[in-house]
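As given, the protein sequences belong to chains A and B, one line each in that order.
Heads up, the first sequence is in my numbering, so the first residue is 1 and it goes up one at a time.
Heads up, the second sequence is in my numbering, so the first residue is 176 and it goes up one at a time.
Just so it is clear, CB atoms sit at the ideal spot from N, CA and C, and this is done for glycine as well.
A short worksheet on the structure shown next.
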Amino acid sequence: MDIDLAQLRKMHTRLPADLALVMVGRAALALERNNHESGVRVSLDLEGVASGGLLFWPRADLSKIEQHDRNRITEDGAEAVALALAHRHRAWRVIRRMQPGEYADWLLEDSGGGRRQVVALEVSGIDRGSIVARLAEKLAQVAQSIDVDQRWASVVGFEQPTAALHATKRKKRGN
Amino acid sequence: MQQNGKSVETDTLNSLVTGAIWRAEQLEAHGIGSAPQAWSEVSSLEEELAKVISVSESEGRIARRGAVRAALKAGEYARAHALAGSYAAEGAAPGSLKAGLRKILEEDARAMERRFRYAAKQHSLREARDLARRFREAGAFGLAA
Chain A
1 MDIDLAQLRK
11 MHTRLPADLA
21 LVMVGRAALA
31 LERNNHESGV
41 RVSLDLEGVA
51 SGGLLFWPRA
61 DLSKIEQHDR
71 NRITEDGAEA
81 VALALAHRHR
91 AWRVIRRMQP
101 GEYADWLLED
111 SGGGRRQVVA
121 LEVSGIDRGS
131 IVARLAEKLA
141 QVAQSIDVDQ
151 RWASVVGFEQ
161 PTAALHATKR
171 KKRGN
Chain B
176 MQQNGKSVET
186 DTLNSLVTGA
196 IWRAEQLEAH
206 GIGSAPQAWS
216 EVSSLEEELA
226 KVISVSESEG
236 RIARRGAVRA
246 ALKAGEYARA
256 HALAGSYAAE
266 GAAPGSLKAG
276 LRKILEEDAR
286 AMERRFRYAA
296 KQHSLREARD
306 LARRFREAGA
316 FGLAA
């Protein structure tokens with residue numbers, strides 16, 4: 001599966017243009033500060049199934065990296081990759097961002113399979129090291145989200161480009 | 176399903192609230208003083224979403240919790256309580272929404288009592304907020320009356 005971050009706004013038309021631009025810019029910085037170039041191979045873990053793909057992004061200007069908060073580069077960059085992956089893998093589209101306290105970062109819509117479903121997606125990024133422990137942590141967090149049909153977590157690693165997208169076990173819709 | 180005009184309005188509000196939450200989070204993360212104003216904008220947008228999306232829809236319930244939560248972050252306590260009261264009083268409001276709104280207000284009250292623990296020993300948060308409301312409504316001289 002190929003993921004082109006330049007297409008993020010086309011995938012998620014409700015995402016404000018300025019926000020999409022910042023997120024993609026930070027993803028580019030997170031990848032390039034780890035010495036990757038656009039077109040790098042990315043390891044994917046989609047619902048427990050391992051696969052691979054290529055990740056593309058518009059080139060970043062590393063000379064301006066100091067203008068950005070280090071953690072925001074990782075977190076916002078991960079959000080760009082996770083949202084692009086969610087669209088490529090499941091054709092989901094962003095409805096809106098969630099506030100802290102809702103146990104998820106994004107609310108998306110799944111229009112496949114007839115009935116429209118709403119999906120809570122919690123996202124996290126890791127600059128160095130494995131994503132495994134963080135994924136378990138984020139799945140436990142998003143499992144507490146209410147008023148949604150599906151609960152998912154995505155974790156993106158930038159050292160060796162990696163992205164995982166997993167669902168929590170099914171739970172009754174909270175209403 | 177929503178009618179076309181309403182759907183466009185909802186989409187626009189969803190985009191606006193997305194941008195507003197993101198800005199508020201960034202300001203808060205950097206400790207910038209205007210974060211409460213940014214949360215106030217979030218609360219107003221959530222309130223608009225709550226007007227166009229029924230409480231029977233999941234997004235309507237998320238917007239109602241969001242309006243209250245963001246009002247508290249903006250320091251607009253009286254407004255947060257008024258919104259929570261009106262949302263809980265909606266005929267179709269499910270028990271989970273009422274419990275969720277109550278939990279948001281209780282968590283905020285506990286956080287406030289932890290922050291002002293010495294003052295909290297003398298006065299309850301309800302008393303302090305009632306005093307603040309009277310002060311705001313009547314002005315400094317009104318309290319003496």
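**Request:** Taking only the alpha-carbon atoms, compute the straight-line gap between B/Ala-242 and A/Asn-35 and give it to the nearest angstrom.
**Result:** Within the second sequence, numbered from 1, the residue matching residue 242 of chain B stands at position 67. Within the first sequence, numbered from 1, the residue matching residue 35 of chain A stands at position 35. CA-CA distance, B/Ala-242 to A/Asn-35, rounds to 42 Å.
**Request:** Go ahead and pull the three-state DSSP assignment for A/Ser-145.
**Result:** Indexing the first sequence from 1 puts residue 145 of chain A at position 145. Coil.
**Item:** Delimiting residues of the beta strand (DSSP E) encompassing B/Trp-214
**Value:** To locate residue 214 of chain B, count along the second sequence from 1; it is residue 39. B/Trp-214 -> not in any beta strand (DSSP E); alpha helix (DSSP H) instead, spanning 210-227.
**As assigned by DSSP and simplified to three states, the class of A/Thr-162** = Locating residue 162 of chain A in the first sequence gives position 162, where the first residue counts as 1. Three-state result, A/Thr-162: strand.
**Asked** Interface residues of chain B around A/Glu-102 at Cβ under 9 Å?
**Response** In the first sequence, counting from the first residue as 1, residue 102 of chain A sits at position 102. Under the 9 Å cutoff, chain B gives Ile-237, Arg-240, Gly-241 and Arg-244.
**Asked** Just how far apart, CA to CA, sit A/Asp-147 and A/Ser-63?
**Response** Counting from 1 along the first sequence, the entry for residue 147 of chain A is found at position 147. Counting from 1 along the first sequence, the entry for residue 63 of chain A is found at position 63. One C-alpha to the other measures close to 44 Å.
**Item:** Under 7 Å from the C-beta of B/Asp-186: neighbouring residues of chain A
**Value:** In the second sequence, the residue the question calls residue 186 of chain B occupies position 11. Within 7 Å Cβ-Cβ: Arg-14.
**Asked** Are any of the Cβ atoms in chain A nearer than 8 Å to that of B/Ser-182?
**Response** Here residue 182 of chain B refers to the residue found at position 7 when the second sequence is read from its first residue. No - not a single Cβ of chain A is within 8 Å of the one on B/Ser-182.
**Prompt:** Taking the alpha helix (DSSP H) that B/Ala-286 falls in, what are its first and last residues?
**Reply:** Position 111 of the second sequence, counted from the start, is the residue given in the question as residue 286 of chain B. Per DSSP, the unbroken alpha helix (DSSP H) holding B/Ala-286 starts and ends at 270-290.
**Asked** In three-state DSSP terms, what is B/Val-192?
**Response** Against the second sequence, residue 192 of chain B aligns to sequence position 17. B/Val-192: helix per DSSP, three-state reduction.
**Request:** Within the segment 75-158 of chain A, note down every full beta strand (DSSP E) run reaching 3 residues or more, in order along the chain.
**Result:** 93-97, 106-110, 117-126 and 150-157
**Asked** For A/Gly-39, which residues of its own chain have a beta-carbon under 8 Å away from its beta-carbon, when the five flanking residues on both sides are left out?
**Response** By one-based count along the first sequence, residue 39 of chain A stands at place 39. So the qualifying residues of the chain are Leu-54, Leu-55 and Phe-56.
**Assigned exposure category for A/Met-98 - 16 Cβ within 10 Å defines buried** = The residue labelled residue 98 of chain A in the question sits at position 98 within the first sequence. The residue in question, A/Met-98, is buried, as its Cβ has 16 or more Cβ neighbours within 10 Å.
**C-alpha gap between B/Leu-191 and B/Ser-209, whole angstroms** = Translated into the one-based positions of the second sequence, residue 191 of chain B becomes position 16. Translated into the one-based positions of the second sequence, residue 209 of chain B becomes position 34. Taking the straight line joining both Cα atoms gives about 18 Å.
**Request:** Between the Cα of A/His-89 and those of A/Gln-141, A/Pro-16, A/Glu-137 and A/Glu-47, spot the shortest distance and give me the residue it belongs to.
**Result:** Along the first sequence, read from residue 1 onward, the residue named residue 89 of chain A stands at position 89. Checked all of A/Gln-141, A/Pro-16, A/Glu-137 and A/Glu-47; the closest Cα to A/His-89 is A/Glu-47.
**Message:** For a cutoff of 8 Å on Cβ pairs, would you count A/Asn-175 as touching chain B?
**Reply:** Taking the first residue of the first sequence as 1, we reach residue 175 of chain A at position 175. A caution first: A/Asn-175 carries a pLDDT of 47, below 50, which makes its placement in the model unreliable, though a value can still be read off. Output row for A/Asn-175: interface = yes.
**Request:** Assuming A/Val-123 contacts A/Ala-82 (C-beta within less than 8 Å), just tell me the rounded distance between them.
**Result:** Against the first sequence, residue 123 of chain A aligns to sequence position 123. Against the first sequence, residue 82 of chain A aligns to sequence position 82. That belief holds up - the Cβ atoms of A/Val-123 and A/Ala-82 are roughly 4 Å apart, short of 8 Å.
**Prompt:** Looking only at its own chain, which residues have a Cβ that is under 6 Å from the Cβ of A/Ser-20, when we skip the five neighbours before and after it?
**Reply:** Walking along the first sequence from the start, residue 20 of chain A turns up at place 20. Contrary to the premise, residue 20 of chain A reads as Ala rather than Ser in this sequence. For A/Ala-20, where only same-chain residues beyond five positions count, the Cβ hits under 6 Å are Leu-8 and Arg-9.
**Request:** Classify B/Ile-237 as buried or exposed, calling it buried when 16 or more other Cβ atoms lie within 10 Å of its own Cβ.
**Result:** Locating residue 237 of chain B in the second sequence gives position 62, counting from the first residue. Residue environment analysis places B/Ile-237 among the buried positions, since at least 16 neighbouring C-beta atoms fall within 10 angstroms of its C-beta.
**Item:** Backbone CA spacing between A/Leu-5 and A/Gly-52 [nearest angstrom]
**Value:** Residue 5 of chain A sits at position 5 when you count from the first residue of the first sequence. Residue 52 of chain A sits at position 52 when you count from the first residue of the first sequence. Roughly 16 Å between the two C-alpha positions.
**Message:** Do B/Ile-228 and B/Glu-222 have their beta-carbon atoms positioned less than 8 Å apart in this structure?
**Reply:** The residue you call residue 222 of chain B lines up with position 47 of the second sequence. The residue you call residue 228 of chain B lines up with position 53 of the second sequence. Not closer than 8 Å, so no.
**Item:** Rounded straight-line distance, which links the Cα of A/Pro-161 to that of A/Lys-138
**Value:** Here residue 138 of chain A refers to the residue found at position 138 when the first sequence is read from its first residue. Here residue 161 of chain A refers to the residue found at position 161 when the first sequence is read from its first residue. Going from the Cα of A/Lys-138 to the Cα of A/Pro-161 covers about 19 Å.
**Asked** Are the beta-carbon atoms belonging to B/Ala-340 and B/Leu-224 less than 8 Å from one another?
**Response** With chain B running from 176 to 320 in the structure shown, residue 340 of chain B is simply not present.
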